[in-house]
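Colleague:
Protein chains in written order, with the working numbering: chain A, 294 to 631; chain B, 1028 to 1342.
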């Protein structure tokens, strides 16, 4: 009888203690990264940052494991299957860069129902049970036109280089740019091409449309396409317009060369690939029992004329300007959203 | 007049006609102002499609089921590794090119080993090979862009007598391909294999050797194209080959080569490559949205193929 009582009592204590320990401890938690694509330098930097930061976190015992998985074909169905595997493997949280904002909702819901925390970033999902770390892509587009309006008060013709047709991010940035043009009507978009966020594709597209364009004062971009545009324009006898850059090292290097040679001025804006590490820390905070709002906003990384050299020095040759986030940064982002 | 009628019987004439019409419609917008710029840009970018297209054409000529889907990955790997080896030094240009060719030979060898030794259909063998090759490209450099040597960058982006240098290289390769296809026994062999493999075998043609060489040739051309493209665009990128998968097949088909194999031609590749670049430029110039642009591209390609196909029906 007493033994049974003791057992009951200890069970009760265990029950009472359990949630408390779960609130304070994430050292036994397993976090997985579900990534839909790895085929460009931005994604590679994202994965490298993830490895670096989570490797440290695993070593110091903040979490038990943080494995990264990438699908081969960049297909929503494939990624949904991957998420289902993660559910079966018993991960406590899934950090997700999604192939589609809606097509993964079913799999994400299943994960939520299984008690798994899902944090999406960059390529976010609309499923309400998941957290979203989004970039204000619209503002990213609008701010480019605003910058140009300061540099070119008289306005002029703009060439718009868009990203990959049909992708959410492309629509958002482009919408922001068009908003900016409405706000500063001295500018007019005279041409628009799709550069697929790749230098060689952008170079090809710009070279194709340039002969038909009037003088252009500025080029608004989405990142990964500025250097290609510069190459295409340099091949003609046109005056170099202000090309907004996207934080890639070759873009920044070209800008620096031009700055030294003829005082060329522009700015560069993109999201840091290290946003994956912010998502990791947010997931860790949620597992730690923190109240976190479902929608968080991550600031974009902007480089200007005066901090170009400093940023260029920090950027790996051939890579992307990057910031890796710490637990404190994540807590700050969470606090500011409240 | 007779000569003209004869010309219309050639399967490649349609792609040239289409390219010319699109070119004309584009310069109409500017009133002829950007004619030279547009023509030079078209020649430059067509050059890359021509080089990969020729390789793909030889493979497709081998008959039904023969296709090389590892072209984009081979381009990426060759560009990435060659630029890494050259490491911006002008003295390393030739070793870099040699390495690119070796990569092409390696990929071609693996492709045909899978096809022949393991009896995997080419479409699956080359696709799975492309995963391995693409992963190798990611692994070698993690997507970091290394600049090409200055001499090579200069060479690939400039013109000689108004003609882009890369177009001249593509032209030389085309002549070589034309001689191979039309004037050598090898060219006869691949056409014969494409028309009927059992018949070719019975005629005593070394079928396996010929197919093997063809897959090698295709992969080597892809790697040369990747090498040039990486130098032209200021560094290799992991996704730089992506659009050349569809492109390499499209230029073959639009160029009037029979998809069923056994009947191909080199001039059509040029017409089709120029057309593929110009049609995007035209739709961009007319300022159409991405959706309409893609639909139009599809419709135009279908109509060109239908025209070229109608010619076959009449024969």
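Note that the Cβ used here is the ideal one computed from N, Cα and C, for glycine as well. Note that the structure is predicted; figures quoted are calculated from it, not measured.
With 16 other CB atoms within 10 Å as the buried threshold, where does residue 1202 of chain B fall?
Modeller: Counting Cβ neighbours within 10 Å, residue 1202 of chain B comes out exposed, since fewer than 16 surround it.
Colleague: Less than 8 Å between CB atoms is the rule here; does residue 505 of chain A satisfy it with respect to chain B?
Modeller: yes
Colleague: Near residue 320 of chain A, what residues of its chain come up, given a Cβ to Cβ distance below 8 Å and the 5 sequence neighbours on each side ignored?
Modeller: So the list reads 354, 355, 356 and 357, once near-sequence residues are dropped.
Colleague: Do you know how far the Cα of residue 446 of chain A is from the Cα of residue 598 of chain A?
Modeller: 18 Å
Colleague: If distances are taken between C-alpha atoms only, which option among B:1275, B:1219, B:1042 and B:1054 comes closest to residue 1245 of chain B?
Modeller: Comparing Cα positions, the closest option is B:1275.
Colleague: Using a C-beta to C-beta distance shorter than 7 Å, which residues of chain A count as neighbours of residue 1113 of chain B?
Modeller: Residues of chain A passing the Cβ test: none, with the nearest at roughly 14 Å.
Colleague: Could you name the residues of chain A that residue 1264 of chain B contacts, counting a contact when the two beta carbons are closer than 8 Å?
Modeller: 333, 334, 491, 492 and 493
Colleague: Ignoring anything shorter than 4 residues, give me the alpha helix (DSSP H) runs that lie fully in the segment 1242-1301 of chain B, in order along the chain.
Modeller: Considered as a whole, the segment 1242-1301 of chain B harbours 1271-1281 as its complete alpha helix (DSSP H) runs of no fewer than 4 residues, in chain order.
Colleague: When we look at the beta-carbon of residue 1320 of chain B and count the other beta-carbons within 10 Å, is it buried (16 or more) or exposed?
Modeller: buried
Colleague: In chain order, which beta strand (DSSP E) runs of at least 3 residues are fully inside the segment 524-606 of chain A?
Modeller: Counting whole runs of 3 or more residues, the segment 524-606 of chain A contains the beta strand (DSSP E) stretches 561-563, 588-591 and 594-596.
Colleague: Let me see if you follow: with CB-CB separation under 8 Å, is residue 485 of chain A close to chain B or not?
Modeller: yes
Colleague: For residue 1321 of chain B, go through chain A and note every residue whose CB falls closer than 8 Å to its CB, in chain order.
Modeller: 458
Colleague: At a CB-CB cut-off below 8 Å, which residues of chain B make contact with residue 606 of chain A?
Modeller: Those do not exist, as residue 606 of chain A stays about 16 Å from chain B at its closest Cβ, beyond 8 Å.
Colleague: Give me the Cα-Cα distance between residue 512 of chain A and residue 1110 of chain B, rounded to the nearest whole angstrom.
Modeller: 29 Å
Colleague: Quick one: list the residues of chain A neighbouring residue 1105 of chain B, beta-carbon separation under 8 Å, in chain order.
Modeller: Here the premise fails: no neighbours, minimum Cβ distance about 14 Å.
Colleague: Within this structure, are the beta carbons of residue 1293 of chain B and residue 1164 of chain B separated by less than 8 Å?
Modeller: no
Colleague: For residue 1213 of chain B, which residues from the same chain have a beta carbon less than 8 Å from its beta carbon, with the 5 sequence-adjacent residues on both sides left out?
Modeller: 1207, 1237 and 1240
Colleague: Could you tell me which chain B residues have their CB closer than 7 Å to the CB of residue 497 of chain A, listed as they occur along the chain?
Modeller: 1072
Colleague: 8 Å is my cut-off, CB to CB: does residue 1255 of chain B come that close to chain A?
Modeller: no
Colleague: Give me the residue from A:502, A:510, A:498 and A:596 with the minimum Cα distance to residue 521 of chain A.
Modeller: A:498
Colleague: Does the Cβ of residue 614 of chain A have 16 or more other Cβ atoms within 10 Å, making it buried, or fewer, making it exposed?
Modeller: buried
Colleague: So within the segment 481-519 of chain A, which uninterrupted alpha helix (DSSP H) runs reach at least 4 residues, ignoring any that extend past its ends?
Modeller: 492-502
Colleague: When you compare each of B:1278, B:1291, B:1136 and B:1122 to residue 1097 of chain B by their alpha carbons, which one comes out closest?
Modeller: For the residues B:1278, B:1291, B:1136 and B:1122, the minimum Cα distance to residue 1097 of chain B belongs to B:1136.
Colleague: Decide if residue 383 of chain A is buried, meaning its Cβ has at least 16 other Cβ atoms within 10 Å, or exposed.
Modeller: exposed
Colleague: Could you check where the beta strand (DSSP E) with residue 426 of chain A kicks off and where it finishes?
Modeller: 424-428
Colleague: So within the segment 1150-1210 of chain B, which uninterrupted alpha helix (DSSP H) runs reach at least 4 residues, ignoring any that extend past its ends?
Modeller: 1177-1184 and 1192-1210
Colleague: In this structure, does DSSP put residue 323 of chain A in helix, strand or coil?
Modeller: strand
Colleague: If you compare alpha carbons, which of A:432, A:412, A:431 and A:433 is closest to residue 425 of chain A?
Modeller: A:412
Colleague: Would you check if the distance between the CB atom of residue 1053 of chain B and the CB atom of residue 1309 of chain B is smaller than 8 Å?
Modeller: In contact: residue 1053 of chain B and residue 1309 of chain B (Cβ atoms closer than 8 Å).
Colleague: Taking a contact to mean a Cβ-Cβ separation below 8 Å, would you say residue 1195 of chain B touches residue 1187 of chain B in this structure?
Modeller: yes
Colleague: Between residue 596 of chain A and the rest of its own chain, which residues show a CB-CB distance below 8 Å, the 5 nearest in sequence each way excluded?
Modeller: 538, 540, 545, 560, 561, 562, 604 and 614
Colleague: Can you check DSSP and say which residues form a bridge with residue 360 of chain A?
Modeller: A:325
Colleague: Starting from residue 455 of chain A, follow its DSSP beta bridges and name the residues at the other end.
Modeller: A:487
Colleague: The beta strand (DSSP E) spanning residue 1097 of chain B covers which residue range?
Modeller: Looking at the DSSP string, residue 1097 of chain B is not in any beta strand (DSSP E), and its letter there is neither H nor E.
Colleague: Leaving out five residues on either side along the sequence, give the residues of the same chain with a beta carbon under 7 Å from the beta carbon of residue 1242 of chain B.
Modeller: 1086, 1095, 1135, 1138 and 1139
Colleague: If I measure Cβ to Cβ from residue 568 of chain A and keep anything under 8 Å in the same chain, skipping five residues before and after, which residues do I get?
Modeller: 339, 414, 415, 426, 428, 591 and 618
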